[in-house]
Each structure stands twice: as C-alpha cells, then as structure tokens.
Amino acid sequence: MPPETSSETKPSDALKPLRTYQSDVEELMHKTEVSKATIVIAEAKKTLEKKAEPEPEPRNTPALPVKIFSISGALPLGTRWNVKLIVVVVVGILVLTSIGVGAFYFLRGDVPPETPPVVQETQKAIGVELQGKEGRAGVIGAIQETVQSISVPQSEVRTVPLKVGDVPLTTTELLGRLETKAPPTLVRALLPTPLLGIHGFKGGQTFLLLGVTSFDNAFAGMLAWEPTLLDDIGPLFNISSRGILNDVGSTTAKALSNTIVIKDVIIRNKDARAAFDPQGVIVFLYAFLDKQTLVFTTNEDTLRMLQSKAGGGKLR
36 MPPETSSETK
46 PSDALKPLRT
56 YQSDVEELMH
66 KTEVSKATIV
76 IAEAKKTLEK
86 KAEPEPEPRN
96 TPALPVKIFS
106 ISGALPLGTR
116 WNVKLIVVVV
126 VGILVLTSIG
136 VGAFYFLRGD
146 VPPETPPVVQ
156 ETQKAIGVEL
166 QGKEGRAGVI
176 GAIQETVQSI
186 SVPQSEVRTV
196 PLKVGDVPLT
206 TTELLGRLET
216 KAPPTLVRAL
226 LPTPLLGIHG
236 FKGGQTFLLL
246 GVTSFDNAFA
256 GMLAWEPTLL
266 DDIGPLFNIS
276 SRGILNDVGS
286 TTAKALSNTI
296 VIKDVIIRNK
306 DARAAFDPQG
316 VIVFLYAFLD
326 KQTLVFTTNE
336 DTLRMLQSKA
346 GGGKLR
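If you're matching positions, the sequence shown starts at 36 in the numbering used here and goes up one per residue.
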C-alpha cells in the first residue's frame with residue numbers, strides 16, 4: 036500500500052520573510068553593536084564634508100545675443116549701432132584726412148609751380164584775294180606778291196588760297212584770267228578747285244596742283260598745250276621763256292626756233308615732262324602723280340615731296 040502524501044508544508048517551502056531597510060539596519064546594528072545615534076552623527080559629518088568641497092567653476096560659455104524682434108519692423112535690440120564707436124571712427128578719419136592734406140600741401144610747397152604750356156596760335160593762311168577786275172598782269176602780280184611774302188620753314192608746305200572776294204577761284208576762272216591757250220578738252224577734264232602751294236626748299240618753291248576727272252583727255256590736252264605752256268603759266272613760278280631763250284645764244288637751234296623743248300624725264304620712277312635752262316638744269320616740269328592728280332612745279336625735290344604728300348587730286 037503506497038505511502039500517504041503529507042499535506043503539511045516543509046519548513047523550507049514556507050515563505051521567506053520580506054527584507055526591508057529597517058530590518059537591515061536593525062540587523063547591522065545588532066551585529067556591529069552600532070547605535071542609532073552613531074549613524075545620525077556619521078550622516079551629519081558626511082553632509083558637512085560635501086558642503087566644504089569647492090563647487091566646480093562653471094564654463095565661460097559666451098552668451099548668445101538675444102534678438103528680440105518686433106512686428107513693427109524695427110532693428111533687433113542686439114543689432115543697435117554702437118554710437119560711441121561710430122563717433123570715434125568718424126573723428127579718427129577726419130583727423131587722418133587733415134594730417135594727410137596738410138602734409139601734401141607742406142611737401143608740395145617745395146616743388147616749383149608748374150609753368151602752363153605756351154599755346155601757339157596757328158598761323159592764319161595767307162591767300163590771294165582778287166577784286167574781280169584784274170587782267171592777266173594783275174592776277175600774276177597779286178599771286179607773285181603773296182607768294183613772296185610767305186616764309187615757309189625748310190621741308191614744310193603751305194597752301195595759298197585763291198579767292199575773288201570771298202568766293203574761291205575756280206580752275207576754269209584761273210586759266211581764263213591768265214588768258215591761257217589750254218585746250219577746252221583739258222579744262223573740262225580738271226576738277227573745279229585749284230590748289231596753289233609753297234614748298235620750303237631753297238627759299239620757297241611754288242607748285243600748282245589740279246585734280247583730274249578724265250586722265251586720257253587731260254594727258255592729251257597737256258601735250259597739246261606744251262608749245263605755249265611756259266608763256267601761259269610760267270610767270271606764276273617766276274619762269275620767263277624769253278629769259279631762258281636769251282641765255283641760250285643766238286646761234287643755237289632753240290634760239291632760232293624761239294621755242295623751248297619740253298622733254299621726258301623720270302623722277303623717282305615717275306614719268307614727267309620738263310623744260311631745261313642752258314646749263315641743263317630743270318626750270319619747270321609737270322607730271323601726273325596718278326590718274327587723278329596733275330602737278331606743276333620748278334624742281335625735282337618739290338616733285339618728290341609731292342609724290343609722298345599728294346594723291347587723289349589733293350594733298351594728303
């Protein structure tokens with residue numbers, strides 16, 4: 036027959052008593068024989084030691100500026116201008132500026148005053164002014180007198196305006212007043228405004244520049260005009276065909292024919308037609324610098340100058 040199960044609980048299976056702080060303290064006091072007064076004194080001593088310890092210094096964390104915004108749109112309080120700082124800066128700038136200006140004028144006082152540049156007045160062009168009633172001799176005399184009164188520096192050029200009253204003299208009027216025998220085809224092939232000038236060389240050399248509109252007609256017209264060319268316009272350049280012929284001698288063919296032969300010459304690779312004195316020196320010549328420019332002058336040097344300074348019927 037199996038043994039009967041006992042319904043009684045073993046002492047080990049009984050519930051253990053619940054440990055509390057009070058029970059722990061009473062047990063500790065019982066084992067160490069410490070009284071409650073001793074515990075109170077120890078707690079008080081620990082509290083005093085904590086108060087005696089220095090508290091750690093707080094970190095110096097920069098305080099962030101507090102910006103207080105208003106609905107009115109005014110500047111935040113943290114961004115207001117530092118009036119004192121602004122005043123100091125402005126005063127400093129004014130002082131430095133005053134010192135700089137004073138130093139500038141002080142040092143500048145030792146520098147000699149600048150001499151203003153001398154303004155040279157441009158010499159007014161001297162021209163030939165005809166009254167309109169002059170004949171050939173009167174026109175030649177007026178031009179010669181004006182040209183001789185003008186002084187031109189070496190290698191420079193001066194133009195001499197030709198006028199009748201206040202109106203420029205045209206090419207057709209000039210050739211007509213000089214009573215030339217220039218062919219009508221030549222006159223029609225020339226531009227309306229003649230240009231009289233002086234080259235600063237050996238006391239001044241006169242030249243005449245005419246613009247050309249038809250090279251073929253002008254070239255043919257010049258060849259046809261050559262027999263009377265020196266007699267017609269030579270006096271404008273102080274050239275007299277009679278004077279040249281008288282110097283040649285009465286036994287030469289030129290004197291017997293009473294004419295001056297104009298020959299082909301080449302000057303600076305340019306074809307020209309020239310008249311010579313008894314010594315073989317050129318006293319008058321003409322040339323087409325290009326198909327728009329016809330020039331008359333008295334020497335090779337002036338023609339070379341015109342080759343570099345004239346073209347297209349005018350001076351450059």
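The beta carbon of each residue, even a glycine, is placed where N, CA and C say it ideally should be.
Which listed residue (131, 174 and 248) has its alpha carbon closest to that of residue 346 = 248
Can you give, in chain order, each stretch of the alpha helix (DSSP H) that sits fully within the region 217-274 and has at least 4 residues?
-> 219-223 and 250-268
Could you please give the first and the last residue of the uninterrupted beta strand (DSSP E) stretch that includes residue 164?
-> 163-165
Measure the beta-carbon distance from residue 184 to residue 235 and round it to whole angstroms, keeping in mind my assumption that it falls under 8 Å.
-> Not really, about 15 Å apart at Cβ, beyond 8 Å.
Would you mind sorting residue 136 into buried or exposed? The rule is 16 or more other CB atoms within 10 Å of its CB.
-> exposed
Answer with buried or exposed for residue 296, where buried requires no fewer than 16 other C-beta atoms within 10 angstroms of its C-beta.
-> exposed
Within 10 angstroms of its Cβ, does residue 82 collect 16 or more other Cβ (buried), or is it exposed?
-> exposed
Beta-carbon proximity check, residue 323 vs residue 333, cutoff 8 Å = no
Close beta carbons around residue 302, own chain, < 6 Å, minus the five adjacent residues each side = 335 and 338
Under the three-state reduction of DSSP, which class applies to residue 207: helix, strand or coil?
-> helix
By a C-beta neighbour count over all protein chains shown, 10 Å radius and 16 as the cutoff for buried, is residue 230 buried or exposed?
-> buried
Identify which residue in 263, 268 and 257 has its Cα closest to the Cα of residue 329.
-> 257
Check each candidate in 201, 276 and 254 and name the one with the smallest Cα separation from residue 307.
-> 254
Buried or exposed: residue 243, going by 16 or more other Cβ atoms within 10 Å of its Cβ?
-> buried
Give the DSSP-derived three-state secondary structure of residue 118 in the structure shown.
-> helix
Rounded C-beta distance between residue 162 and residue 195? I'm assuming under 8 Å.
-> 6 Å
Note down the Cα distance separating residue 285 from residue 350, rounded to an integer number of angstroms.
-> Per-residue confidence for residue 285 stands at a pLDDT of 45, beneath the threshold of 50, marking its modelled position as unreliable; no derived number is given.
Cα-Cα separation, residue 241 to residue 175 | 13 Å
In this structure, does DSSP put residue 347 in helix, strand or coil?
-> coil
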